[in-house]
Amino acid sequence: MTLPSSGEAVAKPASSGLGWLLDQRVLLSIAVLALLPWLLPSKALAVNVLIYGVVVMGYNLLFGYTGLLSFGQAAFFGAGAYFTGIAIGRYGIPWFAAVPIAVLLSTCLAAAIGIVSTRTRGIYFSMVTLALAQLVYYVALQAASFTGGENGLRGFTVDRISLFGLQVNFLDPVNKYYVLMAFAALAMWFQSRILNSPFGAVIEAIRENEQRARACGYDVERSKLVVFMLSGAISSLGGCMLALHLSIVPLDILHYQTSGMIVMMVLLGGARSFFGPFVGAASFLILEDVISLWTPHWQIFVGAIFVLFVLFLPKGIWGTLLDALGVGKARR
Amino acid sequence: MDLSLIIMQLLSGIALGAVLVITALGLTIVFGMLGVVNFAHGALFMIGAYAGLYLASLTGSFWWGLLLAPILIGVFGMLIEFVLIRRLYGRSIDDPLLLTFGLSYILVEGVRIVFGSDGIPFPTPPQLVGVLDLGIGFFPRYRLFVIVLVAVVLLVLWLTLEKTRVGLIVRAGARDPTIMQVLGVDIGRVWLAIFGLGVGLAALGGVLAGPMRSVNPEMGSLVLAEAFVVTVIGGLGSIVGAVVAGLMVGISISMVALFAPEMATIVMFALMAVVLLIRPQGLFGVRGRTA
Chain A
1 MTLPSSGEAV AKPASSGLGW LLDQRVLLSI AVLALLPWLL PSKALAVNVL IYGVVVMGYN
61 LLFGYTGLLS FGQAAFFGAG AYFTGIAIGR YGIPWFAAVP IAVLLSTCLA AAIGIVSTRT
121 RGIYFSMVTL ALAQLVYYVA LQAASFTGGE NGLRGFTVDR ISLFGLQVNF LDPVNKYYVL
181 MAFAALAMWF QSRILNSPFG AVIEAIRENE QRARACGYDV ERSKLVVFML SGAISSLGGC
241 MLALHLSIVP LDILHYQTSG MIVMMVLLGG ARSFFGPFVG AASFLILEDV ISLWTPHWQI
301 FVGAIFVLFV LFLPKGIWGT LLDALGVGKA RR
Chain B
1001 MDLSLIIMQL LSGIALGAVL VITALGLTIV FGMLGVVNFA HGALFMIGAY AGLYLASLTG
1061 SFWWGLLLAP ILIGVFGMLI EFVLIRRLYG RSIDDPLLLT FGLSYILVEG VRIVFGSDGI
1121 PFPTPPQLVG VLDLGIGFFP RYRLFVIVLV AVVLLVLWLT LEKTRVGLIV RAGARDPTIM
1181 QVLGVDIGRV WLAIFGLGVG LAALGGVLAG PMRSVNPEMG SLVLAEAFVV TVIGGLGSIV
1241 GAVVAGLMVG ISISMVALFA PEMATIVMFA LMAVVLLIRP QGLFGVRGRT A
């Protein structure tokens, strides 16, 4: 794969001062996330922002950068969680090995779903990903001996972990947060590398004009499949984090409502921006927390706010903010 | 396993498929005309079932519920088009989809507030309780009624589309809305009516399904996935496709339920995957627009 001769995605502005700082998006994001438990009202909320942030970030690769609106990302989020739980609980595999195994298996699932769904375009793609993710949901529901069916997967508590001979109490929320943050940091580094690579430019070219990308000689179908798998892999890492955090995997994680929540988060935060997914996850979860304090029917407000965002603020909170500050496309 | 059992199961499948056909038809007509996939279609199906139940208990007759609920919800659908979706024409194709998805959240939670989260039984109308002897076995009267009613609705729709002036405008509008405007047709009004029709069909599907499934706020999410599978198999925007695929899915579900019940919910997705691998545009779909 060769570099496109021109195009915004690869045209890097000269680095100096503030510009240099903005170029360090991974380090900046990690710094913000490191402070998060002390900025939010509860540690539990911070862990959730971290987990959903990673899931939504992976989804953003597909929706924001490639322009593929999938309604089935829950399949990979759930697969990561289920595979982690099954590997630890059923096969006694230590957690540090269970996570890469789970990500690998989820990526295989993404390949299978991707082969079928990336053959379709536009609205069809959204419908097909939704249907195939529901298939995964029903398979997990039926295969109760493996997944625990409706009751969810239980019995794989990770309470302490040893890092280089150091015993860490994983039940302590602060310890848990920083261990999981290491995963998030890894995912952010990986995503940033993808976006900065020639491949990252190709997927943006596909979003901007699929036919032109094809005419330029890029294998659009294969690129879509690869980005589908990469996106699934990153989101499944979020699932692994959730499994380690909760010590159970609820069946609802695979439901299409979860996919919808991921879509809402990316739009609230701002698709096509590096840190937008974390802003979106945080806003959604804070909104849920605050509204559910005074009414159990928080979903009606979340739905209404989402509708208003689609109508009037399609770039989301972070995207609109970056626009207002005049941050260039290459730095997002 | 004797033949009569298989034939009875086939009839059950057709009844199940008939509801799917009506629901998927609403989705596919709206897409064919407006290029909008309505993600709130499942939620509107569910609201249709609740409206039918409520109107039936209000008037004391299932038949009023069956007649009024689709009309009422259809008008509500026109309101949705007029207030919300109309603003998004000309924007990204994803925007109406996202908007209707948000709307489905509001509708489902709204029903939970009004009717509660628990399922409500939908009584079968007294005239249709019980079974009918078909010579080879007994078949529920209500299911037979569903098959007949859906066939009648399909016939009326087909005649309207093919034989009337209104149908001519609708078909031409699906081909080329700009030319229709040049010819002096107010395409906005046509779209409004079509969206109302699509939503009304979802509501009709909901009322018909009521006595066969239990009515609860979550019933729409499975229906949405089913309707998607049917339209993807049949080809989005194709009316014939929706009918053929709806019956195909209904029959496969009930046939598989006979031999391997635990696979029944999974088979339609497998069917869809196979169709997509062979014909990405669906059985009756036109290549180019969607695949």
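Protein chains in written order, with my numbering: chain A, 1 to 332; chain B, 1001 to 1291.
Built from N, CA and C at the ideal position, the CB exists for glycine as well.
All values reported here derive from a predicted model rather than from experimental measurement.
Could you check what DSSP says for residue i in three-state terms: helix, strand or coil?
i          : result
Pro100(A)  : helix
Ile1093(B) : coil
Arg1143(B) : helix
Arg1171(B) : helix
Val1075(B) : helix
Asp1133(B) : strand
Arg160(A)  : strand
Phe1138(B) : strand
Asn60(A)   : helix
Leu1283(B) : coil
Val1156(B) : helix
Gln73(A)   : coil
Leu1183(B) : coil
Gln167(A)  : strand
Leu40(A)   : coil
Val327(A)  : coil
Glu8(A)    : In this predicted model, Glu8(A) has a pLDDT of only 44, less than 50, meaning its place in the structure is not dependable enough to derive any value.
Leu1053(B) : helix
Leu153(A)  : strand
Val1215(B) : strand
Ile1120(B) : strand
Given that residue i touches chain B, what residues does it touch there, using C-beta distances under 7 Å?
i         : result
Ala304(A) : Ile1106
Leu321(A) : By Cβ distance, chain B contributes nothing, its closest Cβ being about 20 Å from Leu321(A), past 7 Å.
Determine, for residue i, whether the minimum Cβ-Cβ distance to residues of chain B falls below 8 Å.
i         : result
Val56(A)  : no
Trp318(A) : no
Ser126(A) : yes
Thr66(A)  : no
Val26(A)  : no
Ala98(A)  : no
Thr107(A) : no
Val266(A) : no
Val307(A) : yes
Pro41(A)  : no
Ser15(A)  : Confidence at Ser15(A) is low in this model, with a pLDDT of 48, below 50, so its placement is unreliable and the value that follows should be read with caution. It does not: the Cβ of Ser15(A) has no partner Cβ on chain B nearer than 8 Å.
Pro250(A) : no
Pro314(A) : yes
Among the options, which one has its Cα closest to the Cα of residue i?
i          : options                                           : result
Thr1023(B) : Gly1220(B), Pro1261(B), Pro1280(B) and Ile1106(B) : Gly1220(B)
Ser1104(B) : Leu1055(B), Met1046(B), Trp1158(B) and Phe1062(B) : Met1046(B)
Phe1138(B) : Phe1284(B), Val1244(B), Gln1281(B) and Leu1005(B) : Leu1005(B)
Gly1198(B) : Val1256(B), Gly1048(B) and Met1008(B)             : Gly1048(B)
Ile206(A)  : Tyr218(A), Phe284(A), Asn48(A) and Cys108(A)      : Tyr218(A)
Ile248(A)  : Gly152(A), Pro198(A), Leu325(A) and Trp189(A)     : Gly152(A)
Gly67(A)   : Val1036(B), Asp1095(B), Tyr1142(B) and Leu1157(B) : Asp1095(B)
Leu1041(B) : Gly1210(B), Gly1250(B) and Phe1195(B)             : Looking at the sequence itself, residue 1041(B) is His, so the reference to Leu does not match. Residue Phe1195(B) is the option with its Cα nearest to His1041(B).
Ala215(A)  : Val226(A), Val202(A) and Leu225(A)                : Val202(A)
Ile1085(B) : Gly1206(B), Gly1119(B), Gly1035(B) and Val1114(B) : Gly1035(B)
Trp1191(B) : Ala1202(B), Pro1177(B), Gly1235(B) and Leu1201(B) : Pro1177(B)
Leu104(A)  : Leu45(A), Ser231(A) and Val302(A)                 : Ser231(A)
Met264(A)  : Gln299(A), Asn196(A) and Leu36(A)                 : Gln299(A)
Ala304(A)  : Val1108(B), Ala1203(B) and Ser1092(B)             : Val1108(B)
At the 8 Å Cβ level, is residue i part of the contact set with chain A, yes or no?
i          : result
Leu1010(B) : no
Ser1221(B) : yes
Thr1290(B) : Confidence is the limiting factor: at Thr1290(B) the pLDDT is only 48, short of 50, which leaves the residue's position unreliable and the question unanswerable from this model.
Ile1094(B) : Residue identity differs from the one stated: residue 1094(B) is Asp in this sequence, not Ile. Yes, contact with chain A.
Phe1101(B) : yes
List the residues of chain A that residue i touches, going by C-beta distances under 9 Å, in chain order.
i          : result
Leu1236(B) : Ile123, Tyr124 and Met127
Arg1087(B) : Leu311
Val1232(B) : Thr120, Tyr124, Met127, Val128 and Ala131
List, in order along the chain, the chain B residues whose C-beta lies closer than 8 Å to that of residue i?
i         : result
Val116(A) : Ala1273, Leu1276 and Leu1277
Val139(A) : Ile1266
Please list the partners that residue i has in chain A, where partner means a Cβ-to-Cβ separation under 7 Å.
i          : result
Phe1228(B) : Met127, Leu130 and Ala131
Name the chain A residues whose beta carbon is nearer than 8 Å to that of residue i?
i          : result
Asp1118(B) : Chain A residues near Asp1118(B): none, gap ~14 Å exceeds 8 Å.
Val1037(B) : Ile123, Ser126 and Met127
Segment contact, 8 Å Cβ cut-off, at least three pairs: the segment 1147–1154 of chain B with the segment 1013–1021 of chain B: Between the segment 1147–1154 of chain B and the segment 1013–1021 of chain B, the count of C-beta pairs closer than 8 Å reaches three or more; the two stretches touch.
Taking contact to mean at least 3 C-beta pairs separated by less than 8 Å, is the segment 302–313 of chain A in contact with the segment 1207–1217 of chain B? Between the segment 302–313 of chain A and the segment 1207–1217 of chain B, the count of C-beta pairs closer than 8 Å stays below three; the two stretches do not touch.
How about the segment 1061–1073 of chain B and the segment 1217–1225 of chain B: do they share at least three Cβ pairs that are nearer than 8 Å? The segment 1061–1073 of chain B is not in contact with the segment 1217–1225 of chain B.
Closer than 7 Å, Cβ to any Cβ of chain D: which residues of the segment 274–305 of chain A, in chain order? Given the protein chain composition of this structure (A and B), no chain D is represented.
Below 8 Å, can you find three or more Cβ-Cβ pairs linking the segment 24–36 of chain A to the segment 147–162 of chain A? With a cut-off of 8 Å, the segment 147–162 of chain A and the segment 24–36 of chain A do not count as touching, because too few Cβ pairs lie within range.
If contact is defined by three or more beta carbon pairs under 8 Å, each pair taking one atom from either stretch, is the segment 1231–1246 of chain B in contact with the segment 1050–1060 of chain B? Touching, no.
Can you confirm whether the segment 278–287 of chain A touches the segment 233–253 of chain A when touching is taken to mean that 3 or more C-beta pairs between the two stretches lie within less than 8 Å? Touching, no, given that fewer than three Cβ pairs across the two stretches are closer than 8 Å.
contact_flag[the segment 115–127 of chain A, the segment 236–245 of chain A] where n(CB pairs < 8 Å) is 3 or more: Remark: fewer than three beta-carbon pairs, one from each stretch, lie closer than 8 Å, so the segment 115–127 of chain A and the segment 236–245 of chain A are not flagged as touching.
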